[in-house]
Amino acid sequence: MFIILSALSIALFVSLKNIVYNPIDKNLLSKAEALDAMVDESIDSDFKFSFSDTKGNSFQFNVSKGRMWIYSSQYSKYFFQIRSFDGKTVKKSISLGDNDLPFKHHLKKIETIQWKGKILRILNYVDDKNKIVVQVAYNAKNEKDILDNFMLIAFVLIIFVMFASAVGGFIVSKKALSPIDRISERIRKITEENLSGEIELENAPDELKVLIESFNDMLKRLDKSFKQKKRFISDVSHELKTPVSVIMMQSEIVLRKQRSADEYKKAFSVIYDTASMMSTLIERMLLMARLDYKRNKMKFEDVDICDIVENAINLLKHKAEEKGVDVLFEKGDVFYVKVDAVTMLEVFVNLLDNAIKYNNKNGYIKINVKSDEEWVVVEMSDNGVGISEEELEKIDEEFYRIDESRSKKTTGFGLGLSIVKKIIEIHEGKLVIKSKVDKGTTVSVFLKKSS
Ligand SMILES: Nc1ncnc2c1ncn2[C@@H]1O[C@H](COP(=O)(O)OP(=O)(O)O)[C@@H](O)[C@H]1O
Ligand SMILES: [Mg+2]
0 MFIILSALSI
10 ALFVSLKNIV
20 YNPIDKNLLS
30 KAEALDAMVD
40 ESIDSDFKFS
50 FSDTKGNSFQ
60 FNVSKGRMWI
70 YSSQYSKYFF
80 QIRSFDGKTV
90 KKSISLGDND
100 LPFKHHLKKI
110 ETIQWKGKIL
120 RILNYVDDKN
130 KIVVQVAYNA
140 KNEKDILDNF
150 MLIAFVLIIF
160 VMFASAVGGF
170 IVSKKALSPI
180 DRISERIRKI
190 TEENLSGEIE
200 LENAPDELKV
210 LIESFNDMLK
220 RLDKSFKQKK
230 RFISDVSHEL
240 KTPVSVIMMQ
250 SEIVLRKQRS
260 ADEYKKAFSV
270 IYDTASMMST
280 LIERMLLMAR
290 LDYKRNKMKF
300 EDVDICDIVE
310 NAINLLKHKA
320 EEKGVDVLFE
330 KGDVFYVKVD
340 AVTMLEVFVN
350 LLDNAIKYNN
360 KNGYIKINVK
370 SDEEWVVVEM
380 SDNGVGISEE
390 ELEKIDEEFY
400 RIDESRSKKT
410 TGFGLGLSIV
420 KKIIEIHEGK
430 LVIKSKVDKG
440 TTVSVFLKKS
450 S
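Rendered as structure tokens:
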């Protein structure tokens, strides 16, 4: 800003100087020419003067008095002095009094000089024919004052503008940045414990509102995921506590005194069952964890989803037969989707497992695949126990299971649907569960059709 203002002032000053001095210079030049002409022509005889040049030739000049009036007062602004080339004065104006105009050399030039407290614009007019220099000067004090005033005003203005903009900029930026201070203050205080608090949006400027909103969104997401992780850990500990205490109890009982071989066998079989349950739980948890951090290691390939469904059915055929549940699936058309086949199999094994587990004896499961423009949909309906509306919202949470009224044996760890949901999310698909208590459940998996 300083540079721009200064450059602007200098440019203005230069043009103002031209505007002020140009008429003066023209005036001086015409006066010099007139003087020279008078010298040359010697029009009137009432203003006579003579001079001899360097070679000793003598000249006589007559100058009309009528044309001399502007130089005749001692207060006049105009001065002239006619000199020979070596500087000797031939004639000078009355306005000069006893003074002489400064003379350095007989070169044609025009300049501004300080002289006896005056500002002179002075012209050396060289007449080569007569070997004289006509010096004409003008007291340009007023004009110099104008230029000086301009410089002063420009300087003061620049200083003022710089100062005002510095102060203004400081105030404005301070005000504009204060919400940022608030945000950083808040960010500094963020720890795992107080993630839930939001940064207030009030009187924040619009530009920052978007930032604050997305920041608050991020806080909410982090808060949710932290809480989830914490709950997950406490749930895991809880889930592991029961089997561990079962194992400890069984061991304690058999260790207390000598037992029969049968008793040992019974205890060990309980211990074995419990340990294998724990092993399954640990496997499931490992799978959950892997889904979180191994996303980029998955292999997404075009596969017929019906093949995967068929594989899942084959894996659980026994379980279904045991319970007398009919699995109805007819493989017809092919439906290609871009999925990681291993994890996708996990999805359908889990869903089918649920549909068998939570079915009635001799129930059925119908699987049906269809597609529209965008999605391939695998629909799995059972006529089992169903899920009530309020449970429906929670069943895909980790460790959530509806086991109060149902026998503990049938339910698993409540991780199946969370795993399913996670895998489908990774595939950018959708999971829709519809259910009516005692009527049955329909689970629909929406997967992006491969192009
Ligand atoms: N097809 C279904 N019919 C009835 N209830 C179901 C069905 N699928 C899931 N559920 C309910 O949802 C809960 C959560 O399922 P899931 O996460 O697979 O856990 P798990 O199978 O280990 O119990 C189950 O406990 C069950 O009550
Ligand atoms: Mg399950």
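Take the sequence shown: its letters are residues 0 to 450, numbered as in numbering that gives the first Met the number 0. Heads up, the beta-carbon is just placed ideally off N, CA and C, and yes, glycines get one too. Just so we're clear, the structure is a prediction, and the values are computed from it rather than from any experiment.
Does the beta-carbon of glutamate 329 have 16 or more other beta-carbons within 10 angstroms, so that it is buried, or is it exposed? exposed
Which full runs of the alpha helix (DSSP H) of 4+ residues lie inside the region 269–346, going along the chain? 304–322
Selected residue, minimal CA-CA separation from serine 177, among Glu201, Ala36, Glu191, Glu390: Glu201
Mark valine 209 as exposed unless 16 or more other C-beta atoms lie within 10 angstroms of its C-beta, in which case mark it buried. exposed
Beta carbon of arginine 400: closer than 8 Å to some heavy atom of ligand 1? yes
Any heavy atom of ligand 2 within a distance shorter than 8 Å of the CB on glycine 411? Correct: glycine 411 has its Cβ closer than 8 Å to ligand 2.
For arginine 294, I'd like the list of residues in its chain whose CB is within less than 7 Å of its CB, leaving aside the five on either flank, ordered along the chain. Ile425
In terms of residue numbering, what span does the beta strand (DSSP E) encompassing methionine 0 cover? First-last for methionine 0: undefined, no H or E at that position.
Can you round the beta-carbon distance between alanine 136 and isoleucine 118 to whole angstroms, since I take them to be within the 8 Å contact cut? Wrong, their Cβ atoms sit about 10 Å apart, outside the cutoff.
Neighbourhood of threonine 88 by C-beta distance below 7 Å, restricted to the same chain and skipping five residues each side: If you ignore the 5 residues before and after threonine 88, its C-beta comes within less than 7 Å of the C-beta of Gln80, Arg82, Asp99, all in its own chain and listed in chain order.
Measure the beta-carbon distance from isoleucine 221 to leucine 194 and round it to whole angstroms, keeping in mind my assumption that it falls under 8 Å. According to the sequence shown, residue 221 is leucine rather than isoleucine. About 5 Å separates the two Cβ atoms, so the contact holds.
Are the beta-carbon atoms belonging to isoleucine 121 and leucine 27 less than 9 Å from one another? yes
What distance in whole Å lies between the Cβ atoms of methionine 379 and leucine 416, which are believed to be in contact at a cut-off of 8 Å? Not really, about 13 Å apart at Cβ, beyond 8 Å.
Other residues of its chain near glutamine 249: CB distance less than 6 Å, five sequence neighbours each side excluded: Ala266, Val269, Ile270
For serine 72, which residues of its own chain have a beta-carbon under 8 Å away from its beta-carbon, when the five flanking residues on both sides are left out? Ile93, Ser94
Is it buried or exposed for glutamine 134, if we count other Cβ within 10 angstroms and need 16 for buried? buried
Cβ pair count under 8 Å reaching 3, the region 102–109 against the region 4–13: no
Quick check: the Cα distance between valine 368 and valine 375, rounded to an integer number of angstroms? One C-alpha to the other measures close to 7 Å.
Closest residue to glutamate 197 among Pro204, Arg289, Glu212 (Cα-Cα distance): Glu212
Note down, in chain order, each residue of its chain lying with its Cβ closer than 8 Å to the Cβ of methionine 284, except the 5 sequence neighbours on either side. Cβ neighbours of methionine 284 beyond the five flanking positions: Val235, Leu414.
Work out the CA separation of isoleucine 394 and valine 431 for me, nearest whole Å. 12 Å
Beta carbon of glutamate 312, beta carbon of methionine 343: below 9 Å? Per the sequence shown, the amino acid found at residue 312 is isoleucine instead of glutamate. It is not a contact, given that the beta carbons lie outside the stated cut-off.
Looking only at C-alpha atoms, which of Val166, Ser75, Asp35 sits nearest to valine 132? Asp35
What's the call for tyrosine 357, buried or exposed, on a 16-neighbour Cβ count within 10 Å? Label assigned to tyrosine 357: buried.
I'd like to confirm something about asparagine 367: is its beta-carbon nearer than 8 Å to some heavy atom of ligand 2, or not? no
Helix, strand or coil: how does DSSP classify glycine 116 here? coil
Would you kindly work out how many angstroms separate the C-alpha atoms of histidine 317 and asparagine 353, rounded to a whole number? 14 Å
Residues near serine 406 by beta carbon distance below 8 Å, same chain, minus five either side: Only weak support is given to the placement of serine 406: the predicted model assigns it a pLDDT of 46, under 50, and the question is left unresolved by the model.
Threonine 190 lies in the beta strand (DSSP E); which residues open and close that run? Counting along the chain, no beta strand (DSSP E) covers threonine 190, and no H or E run does either.
When DSSP builds the beta bridges, which residues end up paired with methionine 379? Ile366, Val442
Beta-carbon proximity of serine 443 to glycine 385, cut-off 9 Å: no
What residue range does the beta strand (DSSP E) around valine 454 cover? Absent from the model: residue 454. The displayed extent of the chain is 0 to 450, so no value can be given.
What separation, rounded to the nearest whole angstrom, lies between the Cα atoms of glutamate 392 and arginine 181? 38 Å
Alpha carbon of glutamate 345 to alpha carbon of glutamate 396, nearest angstrom: Roughly 17 Å between the two C-alpha positions.
So is methionine 0 buried or exposed if we call it buried at 16+ other beta carbons inside 10 Å? By the neighbour-count rule (16 or more Cβ atoms within 10 Å), methionine 0 is not buried but exposed.
Measure from the alpha carbon of isoleucine 189 to the alpha carbon of each residue in Lys296, Phe214, Asn123, then state which is nearest. Phe214
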